[in-house]
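Below: the structure, in structure tokens.
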Ligand code: F6R
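Written out as structure tokens, the structure is:
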């Protein structure tokens, strides 16, 4: 989704802005632009559809110069992918604006501004920001005051950065619903929508809060809350790796991130999982005391994170005796729901900025949940800051749009949460020690599973010319089948559906033929016999199957069924282990099809708009 970078410095900021944009490319975008302001007040702008590289090439030939600048990668919402719609947007060649989010009342604003004589040169909602601020400048000399007044008229979400040609010494920024982080340098300061963009220039960050407006000069940062009061926000020293954006020798970020899973899961367990259970307050300060009273859990998330929640429900009810509902955030936020007594609200998110999940958390606060916990990968993100309790998944920066290591670290978190809540709700000692021992074995088991790559590459060859596929699983492997299907659709564009295999005969069996490969996730558990009957149902209808089965499970392949052996593992971690071959399958199918693995078409990494 859209990305913002800005800088106020002594030096020429062009390279900083372009590198920042490049570091945000992973979020997904379709055009890019930059506006530069020299100390003498000369304002220039370059915009291009397509990749940042095209913008960079155009800029180098034009010898761009500016000590103050703003830059943007756009993911089209209002108006098509054209140069005219790319940011920055100008008003009267004086005010320059970049914006993430959506101004929902832009039509009304646009009509008012047109009546006042402004001419629109784009179809975007963002251009209304530029003209509104320009109009406000008629009654004040201060860009800060003009922005503070203007934002009162905006409905919707914005993270926006504004420059005024008349004053090259500053930018003004405003945040409501779309994240912004200020980067503090020495005699220079920066702004971005994601700290990753600024890691080459600073490690000291201030995360703006909802409603904040800030004025940034080379030497000073002044922040005001939504009521206009001057406020001080904490400075955070980032420990995110500088080279998180490096592919580390792998062909794609996604493959690198798949292979990082044993390491990041090990990190996630470190100092949290002891020999016999969990360290104190693994889920945040005061968490254990809150957990004593939890009788019900409501999980809310989107996409892959939602699948982690779906898996968690099986674990929480089976092992921890805690009832659990799981819902997609975009549904939860717009329906009336009933809050059970002693309910804990859990949000799950890689980015911590997903608009629907954030809105669900804010709604839940009004509904009377006893507390909120977020399981999140980005420290300082909106969900982390706005939740009562926060657990960091420690997956490291995830650059590939298709989520992989974030998912398995989310599942790792949920197994630990099962232990924590189970302790308060009569979990048997046997279940507790089996989860602890399974978790200890998990990093090594993931390594072992990654070694089955060769078999999967061969399978991918057979798969790549298919247009449809069906993923089947039972019990806690059903959400893993859903996640496998999502990965395949996302990066290979093959239509994939997942079913709980018991549902086959209630409809999807009608689809089976030799053009519809069926992927079966078959660990050696108590549901294996049931699953085998489902496999026979498919075989009897001429279906072609690919079965990911425990090494010891009694499956033998033939011309209609290829069996891929997965290392034997303890039952609680099986959903995490079986995720790996499905990720690899999607990756290799996409590779054969030649799609853009890390930035699949139409998708964005962090979905900060509805
Ligand atoms: C799929 C994927 C998305 C995200 C979803 C939620 O590979 O990445 O489905 O899982 O957009 O994002 P987060 O977890 O950042 O809230």
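Numbering (my numbering), first residue to last: 10 to 619. Quick reminder that beta carbons are idealized off the backbone N, C-alpha and C, glycines included.
Residue 313 Cβ short of 6 Å to ligand 1 heavy atom set: Distance from the C-beta of residue 313 to the nearest heavy atom of ligand 1 is below 6 Å.
Quick one, which of 413, 444 and 304 has its alpha-carbon nearest residue 578's? 444
Of all the options 286, 338 and 417, which has the alpha carbon lying nearest to the alpha carbon of residue 311? 338
Does at least one heavy atom of ligand 1 sit under 6 Å from the Cβ of residue 647? Residue numbering for the chain in the displayed model covers 10 to 619; residue 647 lies beyond these limits and cannot be assessed.
If you draw a straight line from the alpha carbon of residue 388 to that of residue 382, how long is it in whole angstroms? 14 Å
Starting from the C-beta of residue 526, find all residues in its chain whose C-beta is less than 7 Å away, skip the five residues before and the five after it, and write them out in chain order. 472, 475, 478, 553 and 555
Suppose only complete runs of 3+ residues qualify. What are the beta strand (DSSP E) ranges in the segment 491–515, listed by chain order? 504–509
Three-state class that DSSP yields for residue 375 in the structure shown: helix
Between which residues of its own chain and residue 123 is the CB-CB distance below 8 Å, once the five residues before and five after are set aside? 129
Would you mind sorting residue 83 into buried or exposed? The rule is 16 or more other CB atoms within 10 Å of its CB. buried
Would you call the segment 581–597 in contact with the segment 435–455, where contact means no fewer than 3 C-beta pairs closer than 8 Å? They touch, by the three-pair rule.
Take every Cβ of the segment 495–515, pair it with every Cβ of the segment 558–577, and state whether three or more of those distances are shorter than 8 Å. no
What do you reckon, is the C-beta of residue 359 under 6 Å from a heavy atom of ligand 1? It does: the Cβ of residue 359 is within 6 Å (strictly closer) of some heavy atom of ligand 1.
Rounded to the nearest angstrom, what separates residue 35 and residue 14 at their Cα positions? 14 Å
Could you tell me whether the Cβ atoms of residue 213 and residue 244 are closer together than 7 Å? yes
Per DSSP, the bridge partner or partners of residue 17: 77 and 198
Exposure label - residue 157; buried when at least 16 CB within 10 Å: That one is buried.
Taking 6 Å as the cut-off, is the C-beta of residue 412 nearer than that to any heavy atom in ligand 2? With respect to ligand 2, the structure shown offers nothing to examine, as its ligands consist of ligand 1.
Please say whether residue 151 and residue 168 have beta carbons closer to each other than 7 Å? no
Can you tell me which of 498, 396 and 509 puts its alpha carbon nearest to the alpha carbon of residue 489? 509
beta-carbon residue 366 near ligand 1 non-hydrogen atom, thresh 6 Å: Indeed, a heavy atom of ligand 1 lies less than 6 Å from the Cβ.
Inspect the beta-carbon positions of residue 37 and residue 613 and report whether they are closer than 7 Å. yes
Within the segment 237–316, note down every full beta strand (DSSP E) run reaching 3 residues or more, in order along the chain. 305–310
Where residue 551 and residue 542 are concerned, what is the direct C-alpha to C-alpha distance, given to the nearest angstrom? 15 Å
What is the rounded straight-line gap between the Cα of residue 7 and the Cα of residue 433? Nothing about residue 7 can be reported from this structure: the residues present for the chain run from 10 to 619 only.
Does the segment 174–183 touch the segment 209–225, meaning 3 or more C-beta pairs lie closer than 8 Å? yes
Taking the alpha carbon of residue 25 as the reference point, which residue from 96, 209 and 202 has its own alpha carbon closest? 209
Which residues in the same chain as residue 23 place their Cβ atom closer than 6 Å to its Cβ, once the five residues preceding and following it in sequence are excluded? 73
If you compare alpha carbons, which of 611, 191 and 592 is closest to residue 466? 592
Ligand 1 and residue 616: does any heavy atom of the ligand fall closer than 6 Å to the residue's C-beta? yes
Please check the pair residue 307 and residue 334, which I expect to be a contact at CB under 8 Å, by giving their CB distance rounded to whole angstroms. Correct: roughly 5 Å between the Cβ atoms.
Can you tell me which of the three DSSP states residue 407 falls into? coil
Output the boundary residues of the alpha helix (DSSP H) element that contains residue 538. 537–549
Can you round the beta-carbon distance between residue 87 and residue 127 to whole angstroms, since I take them to be within the 8 Å contact cut? Incorrect: roughly 17 Å between the Cβ atoms, too far for contact.
Go to residue 587, then tell me how far its beta strand (DSSP E) extends in each direction, as first and last residue. Taken as a continuous stretch (DSSP letters only), residue 587 belongs to no beta strand (DSSP E), being part of the alpha helix (DSSP H) at 583–602.
Complete beta strand (DSSP E) runs within the segment 385–467 (minimum length 3 residues, chain order): 398–401
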